[in-house]
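Only one structure is covered here, and it is reproduced in the block below.
4 protein chains.
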Amino acid sequence: MNSENFSICEKIVSSSYVRQGSQARRSHEQLIRLLLEQGKCPEEGWSESTVELFLNELAVMDSNNFLGNCGVGEREGRVASSLVARRHYRLIHGIGRSGDIAAVQPKAAGSSLLNKLTNSIVLDILKVAGVRSVSSCFVVPMATGMSLTLCFLTLRHRRPQAPYIIWPRIDQKSCFKAMITAGFEPVVIENVLEGDELRTDLEAVEKKIEELGAENILCVHSTTSCFAPRVPDRLEELAKMCAKHDIPHIVNNAYGIQSSKCMHLIQQGARVGRIDAFVQSLDKNFMVPVGGAIIAGFNESFIQEISRMYPGRASASPSLDVLITLLTLGAGGYKRLLKERKEMYAHLAQELQKLAEAHGERLLHTPHNPISLAMSLSSLQSQSVKAVTQLGSMLFTRQVSGARVVPLGNEQVVSGHTFKGFMSHSEAYPCPYLNAASAIGITQDDVTLCIKRLDKCLKSLRKEASPEPTAGTM
Amino acid sequence: MNSENFSICEKIVSSSYVRQGSQARRSHEQLIRLLLEQGKCPEEGWSESTVELFLNELAVMDSNNFLGNCGVGEREGRVASSLVARRHYRLIHGIGRSGDIAAVQPKAAGSSLLNKLTNSIVLDILKVAGVRSVSSCFVVPMATGMSLTLCFLTLRHRRPQAPYIIWPRIDQKSCFKAMITAGFEPVVIENVLEGDELRTDLEAVEKKIEELGAENILCVHSTTSCFAPRVPDRLEELAKMCAKHDIPHIVNNAYGIQSSKCMHLIQQGARVGRIDAFVQSLDKNFMVPVGGAIIAGFNESFIQEISRMYPGRASASPSLDVLITLLTLGAGGYKRLLKERKEMYAHLAQELQKLAEAHGERLLHTPHNPISLAMSLSSLQSQSVKAVTQLGSMLFTRQVSGARVVPLGNEQVVSGHTFKGFMSHSEAYPCPYLNAASAIGITQDDVTLCIKRLDKCLKSLRKEASPEPTAGTM
Amino acid sequence: MNSENFSICEKIVSSSYVRQGSQARRSHEQLIRLLLEQGKCPEEGWSESTVELFLNELAVMDSNNFLGNCGVGEREGRVASSLVARRHYRLIHGIGRSGDIAAVQPKAAGSSLLNKLTNSIVLDILKVAGVRSVSSCFVVPMATGMSLTLCFLTLRHRRPQAPYIIWPRIDQKSCFKAMITAGFEPVVIENVLEGDELRTDLEAVEKKIEELGAENILCVHSTTSCFAPRVPDRLEELAKMCAKHDIPHIVNNAYGIQSSKCMHLIQQGARVGRIDAFVQSLDKNFMVPVGGAIIAGFNESFIQEISRMYPGRASASPSLDVLITLLTLGAGGYKRLLKERKEMYAHLAQELQKLAEAHGERLLHTPHNPISLAMSLSSLQSQSVKAVTQLGSMLFTRQVSGARVVPLGNEQVVSGHTFKGFMSHSEAYPCPYLNAASAIGITQDDVTLCIKRLDKCLKSLRKEASPEPTAGTM
Amino acid sequence: MNSENFSICEKIVSSSYVRQGSQARRSHEQLIRLLLEQGKCPEEGWSESTVELFLNELAVMDSNNFLGNCGVGEREGRVASSLVARRHYRLIHGIGRSGDIAAVQPKAAGSSLLNKLTNSIVLDILKVAGVRSVSSCFVVPMATGMSLTLCFLTLRHRRPQAPYIIWPRIDQKSCFKAMITAGFEPVVIENVLEGDELRTDLEAVEKKIEELGAENILCVHSTTSCFAPRVPDRLEELAKMCAKHDIPHIVNNAYGIQSSKCMHLIQQGARVGRIDAFVQSLDKNFMVPVGGAIIAGFNESFIQEISRMYPGRASASPSLDVLITLLTLGAGGYKRLLKERKEMYAHLAQELQKLAEAHGERLLHTPHNPISLAMSLSSLQSQSVKAVTQLGSMLFTRQVSGARVVPLGNEQVVSGHTFKGFMSHSEAYPCPYLNAASAIGITQDDVTLCIKRLDKCLKSLRKEASPEPTAGTM
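Residue numbers (full-length UniProt numbering), protein chains in the order written: chain H, 1 to 474; chain S, 1 to 474; chain R, 1 to 474; chain C, 1 to 474.
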């Protein structure tokens with residue numbers, strides 16, 4: 001309420017109580033003021049009541065909520081269902097304009113603020129998480145793959161004659177398809193085995209660049225976060241190579257914000273070489289629903305070029321989710337989550353190692369991968385060829401989710417390209433294995449239960465328990 | 001509750017009351033059964049309680065809501081904020097898989113059902129709205145522009161050598177940018193003036209096809225819904241031409257579902273010629289928040305090809321919104337809204353005509369445009385060149401939204417292409433004008449208030465009232 | 001947001017859009033200002049967004065929502081469950097203080113405002129509904145019966161020696177128990193039969209007063225709204241009698257606000273005689289959940305005396321419900337509901353009459369009862385004694401709720417008092433009957449379905465259809 | 001969804017995923033089954049999704065949510081505002097019937113279940129908290145004071161000739177008014193000073209019983225939880241005395257559930273003597289909004305008698321709040337809160353003691369009071385008479401809530417009875433003091449902030465800082 005209304009309230013209930021109430025309101029306003037002024041994620045999280053107060057204030061500024069509005073356009077933010085209106089806090093107009101997903105909408109000052117502030121807060125968090133020199137970013141309501149596509153499409157306008165993308169192999173369909181969808185030809189660089197780890201084959205990259213000619217290469221498309229035993233690409237070296245050859249460099253940092261190592265790689269790569277944009281998932285890094293990504297970079301005008309490439313308005317839903325989440329957690333809360341994740345990684349590694357030893361397997365040695373772990377299934381496979389895939393379906397029915405079983409010898413065709421040894425990032429990895437990851441939000445209970453159930457499954461398989469129907473892998 | 005629990009309830013409260021309660025539950029289940037069996041929008045809308053019951057049931061089937069789940073993957077549907085969880089009904093996993101936006105997710109049977117059912121219901125509604133022979137469609141969490149881009153990118157794989165898109169001019173940035181973003185060269189076909197209407201120049205299209213060679217043309221990109229005095233493209237003729245030359249044909253039907261005329265054009269076009277896909281906005285046709293579109297077509301395998309082109313998972317939020325909305329409205333409720341819109345169009349036309357006459361202007365004669373109307377501003381312009389743009393900002397500050405003022409002589413560069421007479425779909429339209437549309441959800445009050453305020457503004461401008469600061473057009 | 005924050009917003013998005021947003025906010029504030037100033041129900045209902053904005057503003061003023069509060073008391077408005085906090089809009093402190101349910105709480109300026117405003121708005125609506133001279137009222141979170149008890153307990157302090165309450169019979173348990181619970185002896189005055197109607201036996205009342213001595217009578221306890229064929233008491237005459245003998249007069253107006261006739265009786269009674277308080281249900285008159293009542297009267301100090309009699313704080317939930325409802329409906333919306341109810345009464349009467357005739361029964365002639373109707377079941381009873389009660393359970397299982405079947409010859413002991421002919425307000429009503437009422441919120445569909453199902457039941461009973469298990473009456 | 005619907009789902013998405021979803025549903029059902037069967041608070045708290053699933057299931061069983069219902073009664077559970085419907089989970093019918101607040105409603109099987117289950121769970125928690133032999137209880141939507149009134153009114157029917165209630169003094173208005181409202185004469189027994197503690201004067205009670213005659217005494221009305229330096233009444237001795245003289249005994253256990261000591265006193269009192277009922281607040285013990293109480297006892301038929309005394313239906317809102325809260329916390333969570341409260345009591349005592357010493361005051365020695373503490377303000381008062389009350393208002397404006405300042409020499413008339421030394425439970429306590437309590441939900445931060453601010457206030461008062469306007473005490 002404004003000061004006039006507070007004055008009237010003083011006639012209804014005791015003025016000293018109203019004054020205290022009005023003062024209390026000011027303390028919420030003060031938090032909002034700081035946010036607007038600084039555009040940073042507050043160190044301490046907001047209460048739900050401040051968050052909702054703020055969202056309601058934003059909604060009030062959108063024309064669909066004007067009490068005296070009359071609409072004779074083709075898009076007036078009308079909502080047929082009150083369930084729908086409510087779940088979007090009556091913020092209906094989405095973000096952006098036909099020209100630019102980051103542009104301000106005349107009909108929706110509130111939604112426009114939401115968009116600008118979210119991008120600003122997210123930029124702050126990218127810095128907090130380790131990429132201190134990032135200069136610009138925006139949230140886009142598409143998952144990582146489609147966001148990579150958008151980056152590639154933007155680059156096409158800069159390098160219209162370049163059909164190839166250099167891509168150190170990572171066996172995840174959507175990032176491969178991101179290139180195909182954009183209309184480019186991925187040039188797959190097989191990884192090299194160093195100890196248990198699969199790492200970037202820098203020589204092969206260099207050789208391929210020379211072979212194809214730098215001018216024919218749209219960009220190098222590297223990856224940080226990935227399933228062990230693959231580890232993050234050697235970003236520094238790739239970035240230097242890109243700088244040297246004047247080739248753009250796009251980094252798929254899908255769930256890398258949660259890891260200081262991945263973020264450090266990007267920071268370093270940009271410092272010593274060239275990174276044009278790095279793309280990350282909202283859901284995997286901020287515990288929000290699937291469907292948004294952040295496109296970030298070190299050159300504001302290039303990031304703007306990408307944002308202008310998105311034709312038309314877009315859903316504000318992912319922005320709203322990440323805004324609510326970051327305001328509620330605060331930077332402090334987010335850092336706490338990162339710290340817990342790291343600790344749980346160590347714990348998971350320890351427990352997996354113990355379990356591996358007990359079953360005649362071993363935890364693969366992949367120190368460069370800060371999130372994902374892999375335990376060999378060699379001994380299991382030696383018992384029975386089917387046992388490995390059987391383990392996958394047993395874990396599925398026992399509600400262990402995310403524990404990925406990788407058998408040997410898979411072959412898969414993705415968009416016309418044949419991948420031997422698919423899922424293992426390598427044509428012939430030495431052994432089958434099982435992945436488990438310590439991702440943000442994981443709890444002690446997750447680890448304990450997973451290890452317990454895994455143990456049971458392995459024991460039961462050893463006894464050649466009655467076979468279960470296969471249900472597919474995740 | 002299951003039957004076992006109902007039995008226990010009978011020991012707590014009178015069994016005849018419990019039996020009635022259990023019977024009442026069955027009537028909700030019955031509605032859900034019909035939906036699942038038929039995959040059609042129920043004729044009569046559901047109560048909010050049935051809708052929420054259903055969504056809760058779906059959520060229970062997703063692994064992030066399993067009571068005994070333990071997650072060791074990198075994407076487990078964890079949610080940090082309970083505000084966020086709640087507003088998505090705890091459906092967190094989004095839709096699709098890396099391979100295909102329409103694919104089923106092992107971790108999320110509920111979200112997968114939501115996705116399949118939404119697509120099925122939307123298909124039903126497209127038929128109800130007039131495109132009876134549509135065979136396949138899917139909801140995509142991107143607005144119309146980006147969805148068109150996805151269609152063009154898909155076509156590239158079929159016609160890798162074709163750089164051109166034939167495009168009868170419509171002055172709306174995002175559909176132009178959709179082609180640019182996809183990496184194609186739009187070939188703009190200027191419209192012809194027939195009476196007051198701007199219509200497709202069929203001869204020019206034909207000539208251009210011959211000039212460029214059909215094999216070099218990716219597709220024809222036509223438009224139905226648009227601002228008067230432009231009218232929907234001559235779809236039948238274009239579709240025939242496409243069939244003749246074996247050129248794909250993509251239709252931008254942005255807000256055309258709400259008009260039986262637009263839908264009839266598509267139905268006819270597909271019947272007599274060739275339409276590969278038609279794309280429409282969710283928000284503009286179904287009164288949901290901005291950010292979703294429907295890609296539909298007559299050949300299931302081509303539509304699937306497009307859905308497989310989307311790399312990675314996607315936000316379920318637009319699907320959820322349209323599902324809630326259609327279940328709540330029912331097919332009957334939606335048809336009622338369409339009928340009311342049509343009636344309000346006639347009413348708006350009548351009122352605008354009266355107003356025009358009172359101010360020495362005229363309602364442009366655009367019978368082929370079923371949604372948008374235009375009133376000349378010739379007389380206003382003759383008073384003062386500035387008066388026309390001034391009218392725009394006056395309407396803005398008076399909370400008349402969507403009433404677009406179109407002055408003469410605008411020139412704008414969009415992605416490198418210069419449009420003379422921008423906003424008017426024509427290099428030199430005879431007069432400046434004002435647009436008003438009767439879009440779905442418009443009310444009698446909207447019309448009354450708009451006419452009243454417009455009248456005041458025109459009067460005040462005539463008196464050469466004190467100038468207002470310009471605030472920009474919408 | 002306050003003006004300072006709006007200024008900062010102008011640096012983030014265009015200032016003209018922000019200014020419009022800030023203006024839009026003022027229009028909500030303006031509605032709130034009117035409410036605070038006038039304390040009346042707004043004529044036009046508020047949008048949900050204004051209602052929620054207002055409730056959030058109130059909540060912010062309560063100490064449990066102060067951002068810097070520290071609590072070391074025994075009652076700090078802490079909430080363990082966020083579901084609970086949310087459903088009460090974080091208004092946790094309830095209403096009133098130990099001394100007075102209407103008192104202001106230092107810890108909860110917002111809840112105190114809510115309480116005062118609700119009482120003020122409800123007073124306004126009582127006037128709108130017909131009791132123009134009512135001077136004071138308050139909402140109490142107890143249903144009608146317990147609220148009557150509170151009135152009687154208050155009167156005891158004024159008339160400590162008076163053990164009797166004169167009570168024209170109405171067969172509804174809670175109002176009888178209200179007297180018993182308060183510790184008084186109800187003196188039941190049987191009704192007289194006039195035509196089909198059961199009306200107050202004024203002579204018997206007068207005689208009883210003389211017999212017991214006015215000084216021994218705590219009060220007369222009369223009733224307006226009731227089931228036909230009983231009709232509202234003769235309030236004018238009773239009020240005059242009370243004035244003459246200096247006996248307090250409490251009116252049970254349970255669901256009478258919805259009927260202009262009942263309200264008129266109270267207004268007239270107070271004008272020509274004496275009415276000390278009238279009590280009405282919130283749920284039955286305002287379509288809110290069960291559990292609240294309004295205690296109102298014409299003498300402010302007596303009503304205050306009652307409110308001071310309630311020991312301790314009380315739930316704000318019923319006040320919140322009626323506040324939300326009345327702000328959403330507006331006085332205009334409420335009057336519209338009253339009008340529709342009246343029309344539906346005429347419709348129901350007509351349909352019941354037709355049905356009665358078709359089945360050899362008749363609609364009892366009870367013109368003084370404005371809400372409830374009764375249809376004889378004489379012909380049904382003549383077929384079979386059991387058929388009448390069977391009809392009751394048939395209607396129950398067919399989901400016709402509220403259609404009460406009243407057989408002859410019921411006898412029931414309530415708190416030690418034996419009522420012959422219980423349910424029929426009379427020791428020997430001439431015929432069994434069925435009640436149906438046109439209460440606020442009833443729809444055309446309710447009437448149509450009820451008549452249809454009733455018709456089927458009567459037909460099936462006539463055919464001596466296979467007997468159904470009895471499930472009890474409502 | 002029922003099994004039929006799950007089967008249909010298997011045709012839409014992979015059957016193994018659906019089967020897993022259906023299995024997940026069963027695990028929720030299983031929790032509900034246990035609850036229904038055992039009627040006990042689950043040891044481990046439920047997730048919000050199970051809680052809401054359960055509430056939705058209950059709502060579906062109420063007639064107002066029947067899809068085919070038609071209503072022609074005067075109370076059909078119609079709701080005008082969807083905001084209101086939603087916040088009550090569409091449970092509209094309240095609890096109880098005219099005859100009995102614990103009775104089952106034919107129209108509302110779901111609400112009836114809610115009522116029964118809540119009472120059952122609350123009974124379980126009373127046992128868990130220490131009164132192991134409690135046999136019956138019910139939740140009533142009235143705060144403690146009015147609930148005590150109801151107990152006294154019920155006793156009147158058993159002892160119609162007894163006008164007196166023996167009441168060891170406790171300076172809290174609502175419990176005094178509870179007796180006045182019920183129409184009885186409180187006989188105040190002053191407390192005796194033992195060390196710093198104010199304790200029950202057992203001799204004076206005994207003497208008064210003999211003086212008035214046991215048959216003239218309605219009951220003894222004792223108190224457990226109270227502000228220090230008063231301590232809980234000597235329940236064992238009072239209970240024995242009541243047994244000896246055959247006098248009913250009602251215990252005001254307002255916020256005593258949270259203290260094992262208070263609960264132990266009741267358990268012991270009932271074991272060795274007589275306790276007819278004990279009454280406690282919902283909000284103060286379970287962190288729910290104000291407005292509900294629990295009436296409990298050791299004799300089922302007497303507790304039933306009280307529940308039958310409540311005339312009419314009642315609000316289900318307090319029952320719903322406590323049900324949600326206890327299901328969410330689980331018995332384990334509740335016990336954890338009790339443990340934390342106890343620890344925080346020790347911490348608060350320690351901190352207050354340090355502070356007291358630093359300011360020349362002392363922490364009063366009140367070991368029998370397990371919740372509330374008192375710190376002398378003698379030294380402060382010696383500086384200035386006004387300083388003590390000034391401290392109160394200073395704390396209020398600094399948002400320290402619940403810290404009660406008790407000056408000497410207050411005199412107050414409550415319902416005609418003059419209390420000397422009001423607020424201090426004694427006509428002449430030796431020194432003024434300040435109260436602070438460690439109540440359920442208190443946090444380390446509450447204590448830290450309170451001590452810090454208190455310290456500042458005391459320092460500033462010592463410096464005879466500029467006087468502040470008094471704002472009243474809490």
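Even for Gly, the Cβ is constructed at its ideal location relative to N, Cα and C.
Residues of chain C with CB under 7 Å from residue i, in chain order?
| i | result |
| --- | --- |
| Ser47 of chain H | Residues of chain C passing the Cβ test: none, with the nearest at roughly 13 Å. |
Expressed to the nearest angstrom, what Euclidean distance is found between the alpha-carbon atoms of residue i and residue j?
| i | j | result |
| --- | --- | --- |
| Ser379 of chain R | Gly291 of chain C | 50 Å |
| Arg19 of chain C | Trp46 of chain S | 26 Å |
| Leu461 of chain C | Asn191 of chain C | 32 Å |
| Asp446 of chain C | Asn115 of chain R | 28 Å |
Quick one: using the 10 Å Cβ neighbour count with 16 as the cut-off for buried, is residue i buried or exposed?
| i | result |
| --- | --- |
| Lys127 of chain C | buried |
| Leu195 of chain R | As written in the sequence, residue 195 of chain R is Gly, which differs from the Leu given in the question. So Gly195 of chain R counts as exposed. |
| Ser222 of chain C | buried |
| Val251 of chain R | buried |
| Thr418 of chain S | exposed |
Since residue i meets chain R, which of its residues come closer than 8 Å, beta carbon to beta carbon?
| i | result |
| --- | --- |
| Ser82 of chain S | Ser82 |
According to DSSP, is residue i helix, strand or coil?
| i | result |
| --- | --- |
| Gly297 of chain H | strand |
| Ser466 of chain H | No answer about Ser466 of chain H holds up, because its pLDDT of 44 lies below 50 and its placement is not dependable. |
| Thr443 of chain H | coil |
Please list, in chain order, the chain R residues whose beta carbon lies closer than 9 Å to that of residue i.
| i | result |
| --- | --- |
| Ser98 of chain H | By Cβ distance, chain R contributes nothing, its closest Cβ being about 17 Å from Ser98 of chain H, past 9 Å. |
For residue i, return the contacting residues in chain S, with the cut-off set at a CB-CB distance below 8 Å.
| i | result |
| --- | --- |
| Ile371 of chain H | Glu74 |
Note down, in chain order, every chain H residue with its Cβ under 9 Å from the Cβ of residue i.
| i | result |
| --- | --- |
| Gln20 of chain C | Phe396, Thr397, Gln399, Ala471 |
By DSSP's criteria, residue i is part of a beta bridge. Which residues make up the other side?
| i | result |
| --- | --- |
| Asn435 of chain S | S:Ala374, S:Arg404 |
Within 8 Å of any Cβ in chain D, is that where the Cβ of residue i sits?
| i | result |
| --- | --- |
| Thr418 of chain R | Chain labels in this structure do not include chain D; the protein chains are H, S, R and C. |
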